[in-house]
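Going by the working numbering, the first residue of the sequence shown is number 15, and it counts up by one from there.
Built from N, CA and C at the ideal position, the CB exists for glycine as well.
Computed from a prediction, not measured in an experiment: that's the story for all the values here.
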Amino acid sequence: MTTTTDNMPSSAAVEAPTGGAQRQDSSTDPYSYLLLLRFGLLNLIALALLIAAWGGGLVSRVVEADSTHLVLVIAGVFVIGLALACWHVFETSREINRARYNDPAPGSIAAAYLAMTAGKDAQSRQILGSSLRLKLSQRITLVRHIGNSLVFLGLIGTVIGFIIALSGVDPETVGETEKISAMVTTLIQGMSTALMTTLVGAVFNIWLMANYQLLASGTVRLIAAVVELGEARASA
């Protein structure tokens, strides 16, 4: 007596699912590196506005009006902050993609979190999740501090500008007409420094803080993705 096996599925066809989140392919995911794309769009628009201001001669006027060159210092600090934000955005975007895998790559934040929470109860996983939230939030605070420092550098420029303006005023010779021209020149020079440094510090602060807010929202998404992956693995 022969038995037919035509209707029986092969062992490869009955392979059991591994449980938890399904492994995704970031190359076919339309939302892959969405954070990085938003970062690029934001700074592309800001850069276009800066180029337009350069073409209109506004940038050269601002630089020439500042005799202390504090505007260039503010711009340098901004570039450092923007480069740091760019690096964190890239890292956060890559870690978000890694957290979408059921088996994330070794060395990733998701893999480290899964290793720490393996075999832990719900309360321990909650503590580890809170610790992860603090660590990831803390690593981007430097960008915020640099953004805030731009405002303070602008205020320092304001104070320096007023000092320059007032240093040219001599009460004893204010009535001498031949010296009024030099006083007015110094006064205008100081006021230009005060206003331009304040303007540049405020503009660059807005630009960098917009990037920080984008980075902060991406960090929240990363934390949620990693914690959800850990809970899915624990309940599997």
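Buried/exposed call for residue i, threshold 16 Cβ in 10 Å
i           : result
residue 155 : exposed
residue 120 : exposed
residue 233 : buried
residue 199 : exposed
residue 109 : buried
residue 206 : buried
residue 51  : exposed
residue 123 : buried
residue 175 : buried
residue 196 : exposed
residue 204 : buried
residue 177 : exposed
Cα-Cα separation between residue i and residue j, rounded to whole angstroms
i           : j           : result
residue 94  : residue 69  : 24 Å
residue 42  : residue 223 : Note that residue 42 scores 45 on pLDDT, short of 50, meaning its location in the model is unreliable and no value can be drawn from it.
residue 35  : residue 229 : Summary for residue 35: the model assigns pLDDT 39, below 50, so the residue's position carries little reliability, and this model does not support an answer.
residue 138 : residue 131 : 8 Å
residue 100 : residue 49  : 11 Å
residue 211 : residue 97  : 22 Å
residue 159 : residue 169 : 15 Å
residue 111 : residue 127 : 15 Å
residue 105 : residue 180 : 49 Å
residue 107 : residue 47  : 5 Å
residue 140 : residue 245 : 10 Å
residue 62  : residue 202 : 31 Å
residue 247 : residue 134 : 11 Å
residue 55  : residue 182 : 46 Å
residue 57  : residue 81  : 29 Å
residue 79  : residue 152 : 38 Å
residue 235 : residue 83  : 40 Å
residue 148 : residue 71  : 45 Å
residue 249 : residue 217 : 49 Å
Sequence-distant residues of the same chain with beta carbon closer than 8 Å to residue i, five excluded per side
i           : result
residue 64  : 73
residue 146 : 123, 127, 237, 240, 241
residue 157 : 95, 98, 99, 102, 222, 225, 226, 229
Supposed close pair residue i, residue j - CB separation, criterion 8 Å
i           : j           : result
residue 165 : residue 219 : 5 Å
residue 150 : residue 59  : No, residue 150 and residue 59 are not in contact; Cβ-Cβ is about 27 Å, not under 8 Å.
residue 125 : residue 118 : 5 Å
residue 243 : residue 113 : 6 Å
residue 172 : residue 208 : 4 Å
residue 53  : residue 103 : 5 Å
Spatial neighbours of residue i in its chain, beta-carbon cut-off 6 Å, leaving aside the 5 residues before and after
i           : result
residue 167 : 88, 215
residue 44  : Any reading at residue 44 needs caution, since the residue's pLDDT is 46, under 50, leaving its predicted position unreliable; the model's value is listed next. Closer than 6 Å at Cβ, skipping near neighbours: no residue.
residue 241 : 143
residue 231 : none
Own chain, CB closer than 7 Å to residue i, minus 5 neighbours either side, in chain order
i           : result
residue 85  : 76, 77, 210, 211, 214
residue 161 : 95, 219, 222, 223, 226
residue 163 : 91
Complete alpha helix (DSSP H) runs within the region 104-138 (minimum length 4 residues, chain order): 123-131
I'd like the ranges of any alpha helix (DSSP H) spanning at least 4 consecutive residues and lying wholly in the region 154-232. 155-181
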